[in-house]
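In the numbering used here, the protein residues as written are 370 to 745. We put the beta carbon where it would ideally sit given N, CA and C, even for glycine. All figures in this text were calculated on a predicted structure; none of them were measured in a lab. Data block below; observations after.
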Amino acid sequence: MVHIAADLPQFLQRRELAAYEQRLARTAYAYGVDLRRAQWLAGSTVGDPLMRTVDRQWSGLVTDLDESSLLPPRKAPPTALLEEVARLIHMLRAPLPTLRLLRPDVAAQWSAVTPLGTTKGSIHWLVLDLDRVMALPPEERTFVLAAGLGHLQCDHGSIFAAHLMAHRKHRAAKMVRTLLRPWAKVAVFSADRAGLVAVQSLPVAVQAVERQAAEHVSWMPRWPSVEARRQALEDFDHSAIMARRRVLAGDVSQSWAIAPPGREEELDSLTQKIAAAFDGAIRLGGRLAMRIEGHERRARKSQPAGESDESESEAPASESTAASKAEASEAEASKRTPPPAPAPDPEQASRLEHALRDSWTLARCDQRLTRRLGLL
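Structure follows, in structure tokens:
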């Protein structure tokens, strides 16, 4: 039986590791202006309290949606769709969302995939119109799901939630929606990039963007034109992250995942080392907690009056034996190292070097987009 003192550090450490991976992943592809504006909003003494309006009204919104728009939580999407979402979460290092399905009678008032959430990434939802999502061609479905996860990864869920609250007559959210227009203007470019990373095909991505624009609903944020989004995708298609995606994915795209720029080939090795260090610390904490608990229990016991000296000497002996075993297991755990990463394929390394030689930096893609949007 593991002591509760070992459970809490394990939970916190794994959550911190996941958040760290998400931050690194979104900086590998997301639009820089979008990230900087989101960072300013989260740290602003004016913007942060204003955005807390979304958090305060979230419970009321969920109750309203459960009564009027959403199927019960027990209605789950098909297994194939869940597997695809899980694959995209791994690929993008995205947060794990709650999937909710729309009722057929109100689905026309929503997009096929709607990301919702609160500030600081504390809650993530993906609201799906299951009929429309499953009717999409497979590659376009991958794009819209990846774009929705990209919105959540870049903390855009609160922007959509504010617009939905304002649409449902939440008075305080109307002011928030108005003030969030500059943030909504640039948010879609990060999500489009996430979709392109997932599908790898520029024509498919452009076709999905055109379909999204044609099905845009009135309460959603007003996106830039399709032409601006298409040009942004064309620029990002020349980026280094897309070059690595096409070379490193190959025939094993199921296992490919975003990592810090230029370090995709070392991702598995780094993750194994961090996980091994966490597991060792967790095992050590659990053993120490169990030994401390056992010592306290023995101290609380009262010994019988007629107990012999021999029995008194057996307890310290058993304690020393347990301590020696624990020390031996700790030494063994400290010596345990993750298996070495496989040597890179020379042919693949050559193709990657050639692809990166002609690719653009993410800063160049951001600069061209910023100039077209007139934000400089």
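- Out of D500, W409, E453 and A724, the CA that lies nearest to the CA of S480 is found in D500.
- H493 has G486 as its beta-bridge partners, per DSSP.
- Note that the segment 507 to 514 touches the segment 575 to 590; at least 3 beta-carbon pairs, one per stretch, sit closer than 8 Å.
- By the beta-carbon neighbour count (other beta carbons within 10 angstroms, threshold 16), W409 is exposed.
- Counting C-beta pairs with one atom in each stretch, the segment 443 to 459 and the segment 384 to 395 have fewer than three that are closer than 8 Å, which means they do not touch.
- Runs of the alpha helix (DSSP H) lying entirely within the segment 418 to 470 and spanning at least 4 residues, in chain order: 448 to 461.
- W409 sits in a helix when the DSSP states are folded into three classes.
- For G401, same chain residues with a beta-carbon under 6 Å away, outside a window of 5 residues either side, are D735 in chain order.
- In its chain, beyond the 5 residues on either side, T487, I492 and A530 have a beta carbon closer than 8 Å to the beta carbon of W427.
- Around S437, the same chain offers no residue with a beta carbon nearer than 6 Å, after the five sequence neighbours per side are excluded.
- Three or more pairs of CB atoms, one per stretch, sit closer than 8 Å, so the segment 545 to 560 contacts the segment 509 to 528.
- Residue environment for A407: buried (at least 16 other C-beta atoms within 10 angstroms of its C-beta).
- Leaving aside the five residues that flank A597 on each side, none in its chain has a CB nearer than 6 Å to its CB.
- With fewer than 16 neighbouring CB atoms inside 10 Å of its own CB, S413 falls in the exposed class.
- Within the model, the alpha-carbon separation for A609 versus P572 is close to 19 Å.
- Here the C-alpha atom of R740 lies approximately 12 Å from the C-alpha atom of A732.
- Secondary structure at S608: strand, using DSSP grouped into helix, strand and coil.
- Membership of R510 in the alpha helix (DSSP H) is indicated by the continuous run P507 to Q522.
- Counting the other Cβ atoms within 10 Å of the Cβ of D474 gives fewer than 16, which makes it exposed.
- Rounded to the nearest whole angstrom, the C-alpha separation of R599 and F605 is 10 Å.
- Only buried fits F512, as 16 or more other CB atoms lie within 10 angstroms of its CB.
- Here W552 carries a helix assignment [DSSP, helix/strand/coil].
- Exclusion of the five residues before and after A601 leaves F558, D561 and L738 as the residues of its chain whose Cβ lies within less than 7 Å of its Cβ.
- Nearest C-alpha to H532 among V423, L744, A411 and R383: V423.
- From the listed residues E453, D433 and M420, the smallest Cα separation to K489 is found for M420.
- Around S570, the same chain offers E508 as residues with beta carbons nearer than 8 Å, after the five sequence neighbours per side are excluded.
- Cβ-Cβ separation between A563 and L461: approximately 6 Å, consistent with a contact (criterion under 8 Å).
- Within the same chain, Cβ atoms closer than 8 Å to the Cβ of R615 are found at Q569 and A724, the five residues on either side in sequence being excluded.
- For the options M611, W729 and M589, the alpha carbon positioned closest to that of T483 is the one of M589.
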